[in-house]
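K.L.:
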Amino acid sequence: MPGRWTIGVDMGGSKLLAGAVDAELSVHHRAQRPLLGLDQASLLDVAVDAVEEVRALAEAEVSAVGFGIPCLIDQRSGRAVVAVNLPLADIIFGEVMAERLGLPVLVDNDANLAALAEHRAGAAAGCSEVVMLTIGTGIGGGLILGGKLYRGAIGAGAELGHTVIDLDGPRCQGHCPNRGCLEAMASGTALAREAVRVASERPDSGLARALADGLELVGPLVTELAYDGDGAAIEVLELIGRRLGAGVSSFVNTFNPQMVVIGGGVMAAGELLLEPARAEVAARALPPSRDEVRIVTAAFGVEAGMVGAAALAADGAVR
Ligand SMILES: [Zn+2]
Numbered sequence: 065m066p067g068r069w070t071i072g073v074d075m076g077g078s079k080l081l082a083g084a085v086d087a088e089l090s091v092h093h094r095a096q097r098p099l100l101g102l103d104q105a106s107l108l109d110v111a112v113d114a115v116e117e118v119r120a121l122a123e124a125e126v127s128a129v130g131f132g133i134p135c136l137i138d139q140r141s142g143r144a145v146v147a148v149n150l151p152l153a154d155i156i157f158g159e160v161m162a163e164r165l166g167l168p169v170l171v172d173n174d175a176n177l178a179a180l181a182e183h184r185a186g187a188a189a190g191c192s193e194v195v196m197l198t199i200g201t202g203i204g205g206g207l208i209l210g211g212k213l214y215r216g217a218i219g220a221g222a223e224l225g226h227t228v229i230d231l232d233g234p235r236c237q238g239h240c241p242n243r244g245c246l247e248a249m250a251s252g253t254a255l256a257r258e259a260v261r262v263a264s265e266r267p268d269s270g271l272a273r274a275l276a277d278g279l280e281l282v283g284p285l286v287t288e289l290a291y292d293g294d295g296a297a298i299e300v301l302e303l304i305g306r307r308l309g310a311g312v313s314s315f316v317n318t319f320n321p322q323m324v325v326i327g328g329g330v331m332a333a334g335e336l337l338l339e340p341a342r343a344e345v346a347a348r349a350l351p352p353s354r355d356e357v358r359i360v361t362a363a364f365g366v367e368a369g370m371v372g373a374a375a376l377a378a379d380g381a382v383r
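Just so you know, the working numbering puts the end of the sequence shown at 383, numbered straight through with nothing missing.
And the structure:
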């Protein structure tokens, strides 16, 4: 297999995904690890273990490792400042991991890297202005502006999930002091909360029956019920999709992107979320931006962050 490979690692709020990736950004080997309930020391151990697993399987020499972490990273120092949904704080993550792995390590925000992957070889290939959202436990944001990843002054920019869409909305998650953020209103966490509310309002629905059976109304289950035609589950996804569209309308007005790419686990719901989101953008955003923009799912799906991390490592390794 020609060319040098890299390893990309996406550390989400609940799980880690690592992949050995070739120079064309094709993923050859994957490793997954659950991350819930770990402290910082065991989180680092799990990450090292997953990297070593895919490195051992790679058919070519691995030149560098890229990490996407759901975290504000001070690009001046490499210090992970604060992670909303992971036990990482005040650690120079890249340096620590480079020492443990014996390889160059590059680190960026996970949603920034999803944007990089989709721009490099995915849904937004060839676009100069791209808005990326990753919807999972939280909502990550990434921006490609003028064909380049936009990070802000010290690398803390593009936190699009913390855009307020409801002044008096619910408290946001983790360390965010705000309320009514897009993340608080349209993330997988918000979806689960709304599903419980709708289930209590509609006792005859599939949603209510699932809750009564002791099932947790998380994104995948709500999506499955919606695909099976349960009206209450469809209603929940429509609500989340409309809120998503309200946020996207602001991003369309602000950045005039050619493409808005939406990834993350919650996008398993696909058009059930995107249709109401597009309708909201058509009703709320300004012309001509709203008429030019395309709103699509991530081509790399839930692997966008991992592939972007590998692309970051490849960029860094040839520098
Ligand atoms: Zn927030």
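Heads up, the beta-carbon is just placed ideally off N, CA and C, and yes, glycines get one too.
Under the rule that 16 or more other beta-carbon atoms within 10 Å means buried, what is MET65, buried or exposed?
P.N.:
Only weak support exists for where MET65 lies, its pLDDT of 46 falling under 50; the coordinates are left without a value.
K.L.:
How long is the line joining the alpha carbons of LEU275 and ALA259, rounded to whole angstroms?
P.N.:
9 Å
K.L.:
In the DSSP assignment, find the unbroken beta strand (DSSP E) run with GLN96 in it and report its ends.
P.N.:
91-98
K.L.:
Beta carbon of SER127, beta carbon of LEU100: below 7 Å?
P.N.:
no
K.L.:
Give the DSSP-derived three-state secondary structure of LEU385 in the structure shown.
P.N.:
There is no way to answer for residue 385, as the model of the chain reaches only from 65 to 383.
K.L.:
Report the rounded CA-to-CA distance for GLY238 versus ALA346, giving the unit in angstroms.
P.N.:
32 Å
K.L.:
Could you compute how far the alpha carbon of ALA82 sits from the alpha carbon of ARG164?
P.N.:
16 Å
K.L.:
Going by the beta-carbon positions, is the gap between ALA144 and ILE155 smaller than 7 Å?
P.N.:
yes
K.L.:
Kindly indicate the opening and closing residues of the alpha helix (DSSP H) around ILE304.
P.N.:
295-319
K.L.:
Spatial neighbours of ALA363 within its chain, please: CB distance less than 7 Å, with the 5 preceding and 5 following residues excluded, ordered by chain position.
P.N.:
GLU182, GLY186 and ALA187
K.L.:
With DSSP as the reference, identify every bridge partner of CYS135, one or two as the case may be.
P.N.:
ALA147
K.L.:
Can you give the Cα-Cα distance for ALA377 and ALA263, rounded to whole angstroms?
P.N.:
45 Å
K.L.:
On the three-state DSSP scale, how would you describe GLY205?
P.N.:
Three-state result, GLY205: strand.
K.L.:
Using CA atoms only, rank isn't needed, just tell me which of LEU246, TYR291, GLY216 and VAL85 is closest to ASP230.
P.N.:
LEU246
K.L.:
If you follow the beta strand (DSSP E) that ARG358 is part of, which residue opens it and which one closes it?
P.N.:
358-361
K.L.:
Does the separation of the CB atoms of VAL316 and ALA349 fall below 7 Å?
P.N.:
For VAL316 and ALA349, yes; Cβs fall inside 7 Å.
K.L.:
Is DSSP giving THR70 helix, strand or coil here?
P.N.:
When DSSP states are grouped into helix, strand and coil, THR70 belongs to the strand group.
K.L.:
Could you name the residues that DSSP lists as bridge partners for LEU399?
P.N.:
A question about residue 399 goes unanswered here, because the residues of the chain that appear run from 65 up to 383.
K.L.:
Out of MET370, ARG354, GLN104 and GLU116, state which residue places its alpha-carbon closest to the alpha-carbon of GLU125.
P.N.:
When only C-alpha atoms are compared, the closest one is GLU116.
K.L.:
Sorry if obvious, but does the Cβ on CYS240 come closer than 6 Å to a heavy atom of ligand 1?
P.N.:
yes
K.L.:
Could you give the distance in angstroms between the alpha-carbon of GLY365 and the alpha-carbon of ASP103?
P.N.:
28 Å
K.L.:
Quick one: residues in its chain with C-beta nearer than 6 Å to the C-beta of VAL73, no 5 flanking neighbours on either side, listed in chain order?
P.N.:
Around VAL73: ALA82, PHE131 and ALA373.
K.L.:
Hey, would you say ALA178 sits closer than 7 Å to ALA341, going by beta carbons?
P.N.:
no
K.L.:
Would SER269 be called buried (16 or more neighbouring beta carbons within 10 Å of its own) or exposed?
P.N.:
buried
K.L.:
Less than 7 Å between the C-beta atoms of VAL169 and VAL112, yes or no?
P.N.:
no
K.L.:
Which one or two residues does DSSP pair with ASN173 in a beta bridge?
P.N.:
ILE133
K.L.:
What does the Cβ neighbour count give for ARG184, buried or exposed, with the cut at 16 atoms within 10 Å?
P.N.:
buried
K.L.:
Quick one: what does DSSP say SER264 is sitting in, helix, strand or coil?
P.N.:
It is helical.
K.L.:
What does a CB cutoff of less than 7 Å around GLU159 pick up in its chain, not counting 5 residues either side in sequence?
P.N.:
GLY142
K.L.:
In whole angstroms, what is the alpha-carbon distance linking ALA84 and GLY328?
P.N.:
Just so you know, the alpha carbons of ALA84 and GLY328 end up roughly 20 Å apart.
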